[in-house]
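Going by the numbering used here, the sequence shown runs without a break in its numbering and finishes at 205. Structure record follows, encoded as structure tokens.
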Amino acid sequence: MSQPSRSRWFINLVLALGAVFFIGASMLPLLEGIVKDSQPAQEATPTASQTARTQSSSPLVNQAQEYELVLKQEPDNQAALKGLVEVRVRQRDFQGAIAPLEKLIALNPNEGLYHLVLGQVYAAQKNSDRANAAFDRAMQIDQKDYRPVLGKALLLKEQGKPEQAKPLFEQAAALAPSPSEKEQINNLANPQPTPAPAVPQQKQK
């Protein structure tokens, strides 16, 4: 899979995870183009018979069934594993996303991206211990990657621990490769309060 495709896959997961981590479209400039490339995965192309067997359900259910059919024949098909992870996240079936993610990690033990996504999935489950462990592993794989550091910082902030999160936000900002990314991290660490709407004054009679 090409680098733009891998980046898009990661961003799709980010948006599907919603407001847990790497929040919303405002983080797209932070994420675009920073996902590292690795071995290209074989494309998962369901056969006509596989597709025909999954026409009776909703689109996401159809997609999940198609990926599962591919994986029954090709358990190590990484394109199908990635597709199944994305579908499960979009279904908010975070538990169902863990097994294909762990399979991807087993196939690519030194690919920090999958540990990073696994940390986000555990965070979505409010499983902070496993989320931190996944982020820690991603940090061990690539000490220059700010994303798992940012993930740990956001997790602490979500838990109401801003003082513990502060040095991690600072570390993430220091590791970020561009001024715009540093600025966005600082904005996440110190969000500006939304000004209260002005109260219209009544006209004097």
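Cβ atoms here follow ideal geometry from the backbone N, Cα and C, with glycine treated the same way.
(1) So for residue 74, helix, strand or coil by DSSP?
(2) Compare the beta carbon distance of residue 104 and residue 147 with 7 Å and say whether it is the shorter of the two.
(3) Identify, in the order they occur along the chain, each residue of the same chain with its Cβ nearer than 6 Å to the Cβ of residue 139, setting aside the five sequence neighbours on each side.
(4) Using alpha carbons as the reference points, say which of 118, 66 and 90 lies closest to residue 79.
(5) Is the stretch 94-104 close to the stretch 113-129, with three or more CB pairs under 8 Å?
(6) For my contact list, residue 172 and residue 185 are in at a C-beta cut-off of 8 Å; report their separation, rounded to the angstrom.
(7) So, for residue 159: in the same chain, excluding its five sequence neighbours on each side, which residues have a beta-carbon less than 8 Å away from its beta-carbon?
(8) How far does the alpha helix (DSSP H) with residue 180 in it reach, from first residue to last?
(9) Under 7 Å, do residue 109 and residue 85 count as touching if we go by C-beta distance?
(10) Who are the Cβ neighbours of residue 157 in its own chain at under 7 Å, not counting the five residues just before and after it?
(11) Which residues in the same chain have their Cβ closer than 6 Å to the Cβ of residue 189, if we skip the five residues on either side of it in sequence?
If we stick to the structure as given:
(1) Here residue 74 corresponds to residue number 74 of the sequence shown, with the count starting at 1. Three-state DSSP puts residue 74 in coil, outside helix and strand.
(2) By one-based count along the sequence shown, residue 104 stands at place 104. By one-based count along the sequence shown, residue 147 stands at place 147. Not in contact: residue 104 and residue 147 (Cβ atoms no closer than 7 Å).
(3) Here residue 139 corresponds to residue number 139 of the sequence shown, with the count starting at 1. Closer than 6 Å at Cβ, skipping near neighbours: 148.
(4) In the sequence shown, residue 79 corresponds to position 79, counting from 1. The option with the nearest alpha carbon to residue 79 is 66.
(5) yes
(6) Indexing the sequence shown from 1 puts residue 172 at position 172. Indexing the sequence shown from 1 puts residue 185 at position 185. That pair is a contact at about 5 Å.
(7) In the sequence shown, residue 159 corresponds to position 159, counting from 1. The residues are 128.
(8) Taking the sequence shown and counting its residues from 1, the one referred to as residue 180 is at position 180. Counting along the chain, the alpha helix (DSSP H) containing residue 180 begins and ends at 179-189.
(9) Numbered from its first residue, the sequence shown carries residue 109 at position 109. Numbered from its first residue, the sequence shown carries residue 85 at position 85. No, the Cβ-Cβ distance between residue 109 and residue 85 is not below 7 Å.
(10) Sequence index remark: in the sequence shown, residue 157 carries index 157 (1-based). Answer for residue 157: 165, listed in chain order.
(11) Looking up residue 189 in the sequence shown gives position 189. Only 169 meet the Cβ criterion.
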